[in-house]
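Visitor: The structure is given below, and queries will be raised subsequently.
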Amino acid sequence: MAFGKLTIDWRSTLAAVWRSNRHFLKPIRNVDLVNPDTLQGIDAQKDALFRNTEHFLRGKPASHALLWGARGVGKSSLIKAVLTRYHTYGLRMIQISKDDLNVLVDITDEIVDSHHRFIIYCDDLTFDEGQGEYRMLKSTMEGTLEKPPENVLIYATSNRRHMMPEQMSDNLATSMLNGEIHPGEAIEDKLSLADRFGLSLPFHSMNKDIYLEIVDKLFKGRVQDAELLHQEALAFAIERGGQSGRTARHFFNHCQTGLN
1409 MAFGKLTIDW RSTLAAVWRS NRHFLKPIRN VDLVNPDTLQ GIDAQKDALF RNTEHFLRGK
1469 PASHALLWGA RGVGKSSLIK AVLTRYHTYG LRMIQISKDD LNVLVDITDE IVDSHHRFII
1529 YCDDLTFDEG QGEYRMLKST MEGTLEKPPE NVLIYATSNR RHMMPEQMSD NLATSMLNGE
1589 IHPGEAIEDK LSLADRFGLS LPFHSMNKDI YLEIVDKLFK GRVQDAELLH QEALAFAIER
1649 GGQSGRTARH FFNHCQTGLN
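If you count by our numbering, then the sequence shown holds residues 1409 to 1668, one letter each, in order.
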């Protein structure tokens, strides 16, 4: 595939990332392939996303997916795990930032005739008031006069369910007609993007038991006093503002100098 300055051979390239400063699609040589078995506490989300991806690879109806919710609990890692699990079945992934959504149509034009199937990965997909990039995303997902490409799905992560800030003033235009609530135009516009994602997977804050289970796996065979390890891990989580898989990995890295 030719795009910008580079030709990509998708037979040997598993993933690529859009580089806006040089305006080209860069093949990723060292792909971060996350082992699905290392993801704890998100089994339901994992099963749903894997099942959706399998339908996509088989040419069955599949949905764009939005993974939303708490920070550091595995949203981005799960999307990476999708590539780990399915790249041998012809799945490829392209990462693009929300600031570059204006080139999304150009990218899909380049891959629409490929025999591979592609996940367009957008991490931290949130928009501020007045940003119009999300309208380009909506067009790509559902098409305009041209049907959307059958070999492309969008998987995105966001800390917000609707990806845009919701103001109290938005509710002022809500009306009641014949006993039915009709949201105002501002709310309708904000909900319309989230509605394009047929699969919406919530990620909640991690409880203590799951957090400590991840800590135990990271430190397996390295410490003898598990109770002390748990105390220190929980104290670390309090300092960092919450328990998550990301916090557990940061705690592990923090302790490395003391373990060596």
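Note that beta-carbon positions come from the ideal geometry of N, C-alpha and C, so glycine has one too.
What you are looking at is a predicted structure, and each value in this text was computed from that prediction instead of being measured.
So is Ala1489 buried or exposed if we call it buried at 16+ other beta carbons inside 10 Å?
Guide: buried
Visitor: Identify whether Thr1655 lies in helix, strand or coil by the three-state DSSP scheme.
Guide: helix
Visitor: Using a threshold of 8 Å, state whether the C-beta atoms of Ala1478 and Phe1611 are closer than that.
Guide: In terms of Cβ geometry, Ala1478 and Phe1611 form a close pair [threshold 8 Å].
Visitor: How many Å lie between Thr1421 and Gln1639 at the Cα?
Guide: Rounded to the nearest whole angstrom, the C-alpha separation of Thr1421 and Gln1639 is 44 Å.
Visitor: Do you know offhand how far Asp1502's Cα is from Gly1467's?
Guide: Before going on, a small fix: residue 1502 reads as Ile here, not Asp. Approximately 19 Å between the Cα atoms of the pair.
Visitor: Which same chain residues, not among the five before or five after His1523, have their C-beta less than 6 Å away from its C-beta?
Guide: none
Visitor: Just how far apart, CA to CA, sit Glu1635 and Leu1499?
Guide: 43 Å
Visitor: If you reduce the DSSP assignment to three classes, tell me which class Lys1555 lands in.
Guide: coil
Visitor: Expressed to the nearest angstrom, what Euclidean distance is found between the alpha-carbon atoms of Gly1480 and Ala1470?
Guide: Rounded to whole angstroms, the separation of the alpha carbons of Ala1470 and Gly1480 is 26 Å.
Visitor: So, helix, strand or coil for Lys1628, using DSSP?
Guide: coil
Visitor: Per the DSSP calculation, Pro1469 is bridged to which residue(s)?
Guide: None; Pro1469 has no bridge partner.
Visitor: Strictly by DSSP, which residues pair up with Gly1498?
Guide: Bridge partners of Gly1498: none, in fact.
Visitor: Considering only the beta carbon of each residue, do Ala1602 and Leu1491 sit closer than 8 Å?
Guide: no
Visitor: Are the segment 1613 to 1620 and the segment 1550 to 1564 touching by the rule of at least three beta carbon pairs closer than 8 Å?
Guide: no
Visitor: At the level of alpha carbons, what is the spacing between His1463 and Ser1613?
Guide: The alpha-carbon atoms of His1463 and Ser1613 are separated by roughly 29 Å.
Visitor: Give the straight-line distance between the Cα atoms of Ser1608 and Phe1660, rounded to the nearest whole angstrom.
Guide: 31 Å
Visitor: Return the bridge partner residues of Phe1526 from the DSSP annotation.
Guide: Arg1500 and Val1560
Visitor: What do you reckon, are the CB atoms on Leu1486 and Ile1450 nearer than 8 Å?
Guide: yes
Visitor: Out of curiosity, what's the CA-to-CA distance linking Phe1526 and Lys1454?
Guide: 19 Å
Visitor: Would you say Arg1459 and Met1549 are within 8 Å of each other, going by their C-beta atoms?
Guide: no
Visitor: Mapping DSSP to helix, strand and coil, what is Val1425?
Guide: Reduced to three states, the DSSP call for Val1425 is strand.
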